[in-house]
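For any residue, its number in the working numbering is found by taking its place in the sequence shown, counting from 1, and adding 280. Structure first, commentary second.
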Amino acid sequence: MDLELQPLNLPSDNPRPFVIAGPCSAETEEQVITTAKQLKKLGCHMFRAGIWKPRTKPGGFEGNGEAALPWMKQVKEETGMLTATEVATPEHVELALKYGIDILWIGARTSANPFAMQALADSLKGVDVPVFVKNPVNPDLELWIGAMERINQAGIKRMAAIHRGFSSFDKKIYRNLPMWQIPIELRRRIPELPIICDPSHIGGRRELVAPLCQQAMDLGFDGLMVESHCSPDNAWSDAKQQVTPDVLDYILGLLVVRDETVTTEGIHELRKQIDELDNNLMDLLAKRMRVCREIGQYKKEHNMTILQTGRYNEILDKRGAQGSLCGMDSDFVKEIFEHIHEESVRQQMEIINQK
């Protein structure tokens, strides 16, 4: 289904990016108010802080709960900023609204659970508040869209998606893999849905926040949600990924925000070349599949198995190496040929199983 959406109507000096900033957790009244005032002084309009912080393992700081909500109310009264926090249960929703929280977001662990999402949706019926939904921990676009559909069906029309990356056992540079192709596909599927990037959770380290913010802008994201703390080294949760308000201001000042829609004759001609090359690729793939079907017929006549592991490994290794020589990432090229091989096997299976 299509989401029924209305404009967010959030305060911002610039249409892109709108910025929501604040600490990972609301730790103390002093920390919350100090950080908020520093951010407001630098022009920030929306303040975020975690009230409830269930951690991966028990024993760590899990938020102050309702006791921290008056601090958020004080932020709003003293600075005029809108306030935002994460909710994971109907009780969280009730308390957040009771204390005047302006924006609710739903975290990655919650968005991965349809039961939890339906419970939240039921608690939001009859409420007019912006709700942002983070991507699930696993890279599943349908699950992400389904989570937003549940909230939308409850009557919430002011919505946005937050891209915070995806969990992976094989952690390299990032805390959570960006897998940009997933939010790009989300934008293609639901073009009117605002998409916010969370560089703090993708990067996991403060030195990665700036380049991730720029990547998000280059991909046409609408907003940024950045963790900012008045004393990040002393933060009670996720200290390594938080930046001071001054550093955040510096990062935002360096951002290059490019126009999304203006095109020129020059790029039009280049796109025509791309279309022609894509047509050539399709012709080549069709020819390759014809040869694969002939191989399938040969295997059928000679009672051979479809999967020839040695040959498959040879193709992946060769094409990956060729890709590197041509200036492409070898893993990217291997993934392409994995999909080509999968389709080749499917077509050969059809031939072998024909009676």
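Beta carbons are placed, not taken as given, at the ideal position from N, Cα and C, and that holds for glycine.
Quiz item: From Thr390 to Met397, what does the alpha carbon distance come to, in whole angstroms?
Solution: Rounded to whole angstroms, Thr390 to Met397 spans 7 angstroms at the Cα level.
Quiz prompt | Uninterrupted alpha helix (DSSP H) stretches inside the segment 584-621 (no shorter than 4 residues) | solution = Listed in chain order, they are 589-605.
Self-check item: Delimiting residues of the alpha helix (DSSP H) encompassing Arg469
Solution: Unbroken alpha helix (DSSP H) run through Arg469: 461-469.
Self-check item: Beta-ladder partner(s) of Ile383, from DSSP
Solution: Ala364.
Exercise. Could you say if the segment 400-415 and the segment 363-374 meet the contact criterion of at least three C-beta pairs nearer than 8 angstroms?
Key: Touching, yes, given that three or more Cβ pairs across the two stretches are closer than 8 angstroms.
Quiz item: Can we count Gly360 as close to the ligand PLP, meaning its CB is less than 7 angstroms from some heavy atom?
Solution: Of ligands this structure carries none, so the ligand PLP is not represented either.
Quiz item: For Leu565, which residues of its own chain have a beta-carbon under 8 angstroms away from its beta-carbon, when the five flanking residues on both sides are left out?
Solution: Answer for Leu565: Ile620, listed in chain order.
Quiz item: Can we say the segment 520-532 touches the segment 551-570, given the rule of at least three CB pairs closer than 8 angstroms?
Solution: With a cut-off of 8 angstroms on Cβ pairs, the segment 520-532 is not in contact with the segment 551-570, counting fewer than three such pairs.
Quiz item: Cα-Cα, which of Leu587, His443, Arg551 is closest to Ser624?
Solution: If we check each option's Cα against that of Ser624, Leu587 comes out closest.
Quiz item: Helix, strand or coil: how does DSSP classify Gly406 here?
Solution: Of the three classes helix, strand and coil, the one that applies to Gly406 here is coil, per DSSP.
Quiz item: Between the segment 506-518 and the segment 299-306, are three or more C-beta pairs nearer than 8 angstroms?
Solution: Taking 8 angstroms as the limit for Cβ pairs, the verdict is that the segment 299-306 does touch the segment 506-518.
Quiz item: Closest by CA to Arg568, which one among Cys324, Asp382, Phe617, Met326?
Solution: For Arg568, the nearest C-alpha among the options comes from Phe617.
Quiz item: Which residues does DSSP pair with Ser624 in a beta bridge?
Solution: In the DSSP output, where bridge partners are listed per residue, Ser624 has none listed.
Quiz prompt | Contacts around Met505, its chain only, beta-carbon distance under 7 angstroms, and the 5 residues preceding and following it disregarded | solution = So the qualifying residues of the chain are Ile300, Arg328, Ile442, Ile476, Asp478.
Self-check item: Helix, strand or coil at His443 according to DSSP, with G and I counted as helix
Solution: In the structure shown, His443 sits in a strand (DSSP, three-state: E or B).
Quiz item: Per DSSP, which one or two residues make a beta bridge with Cys493?
Solution: Its beta-bridge partners do not exist; DSSP assigns none.
Self-check item: Contacting residues, own chain, Cβ-Cβ under 8 angstroms from Gln627 (five flanking each side not counted)
Solution: Answer for Gln627: Met569, Cys572, Arg573, Gly576, listed in chain order.
Exercise. Have a look at Ala388, Cys493, Val613 and flag the residue whose alpha-carbon is nearest the alpha-carbon of Thr336.
Key: Measuring from the Cα of Thr336, the nearest candidate turns out to be Ala388.
Quiz item: Taking DSSP as the reference, what is the three-state secondary structure of Lys414?
Solution: Lys414 falls in the strand class under three-state DSSP.
Quiz item: If you run the structure through DSSP and keep just helix, strand and coil, what is Arg328?
Solution: Residue state, collapsed to three classes: strand.
Exercise. Kindly identify the DSSP beta-bridge partner or partners of Gly426.
Key: The bridge partners DSSP lists for Gly426 come to none.
Quiz item: For the putative contact between Met352 and Lys320, defined by C-beta atoms under 8 angstroms, what is the C-beta separation to the nearest angstrom?
Solution: About 14 angstroms; that fails the 8 angstroms criterion.
Quiz item: Helix, strand or coil: which one does DSSP assign to Gly323?
Solution: In the structure shown, the three-state DSSP call for Gly323 is coil.
Quiz prompt | Best match in Pro338, Leu605, Phe412 for proximity to Thr363 [C-alpha to C-alpha] | solution = Thr363 has its Cα closest to that of Phe412, out of Pro338, Leu605, Phe412.
Quiz item: From Met326 to Ile631, what does the alpha carbon distance come to, in whole angstroms?
Solution: Each residue's Cα considered, the two are about 60 angstroms apart.
Quiz prompt | Residues that Met505 bridges to, as DSSP identifies them | solution = Paired residue(s): Ile300.
Exercise. Just tell me which of Glu465, Arg486, Val537, Tyr578 has its CA closest to the CA of Ala515.
Key: Residue Arg486 holds the alpha-carbon nearest to the alpha-carbon of Ala515 among Glu465, Arg486, Val537, Tyr578.
Quiz item: In the structure shown, what three-state DSSP assignment does Val536 receive?
Solution: Here Val536 sits in coil by DSSP.
Exercise. Name the residue from Leu550, Phe298, Met629 whose alpha carbon lies nearest to the alpha carbon of Lys580.
Key: When Leu550, Phe298, Met629 are compared, the shortest CA-CA separation from Lys580 is found for Met629.
Quiz item: Would the beta-carbon of Leu283 fall within 8 angstroms of that of Met439?
Solution: Yes, these two residues count as a Cβ contact at 8 angstroms.
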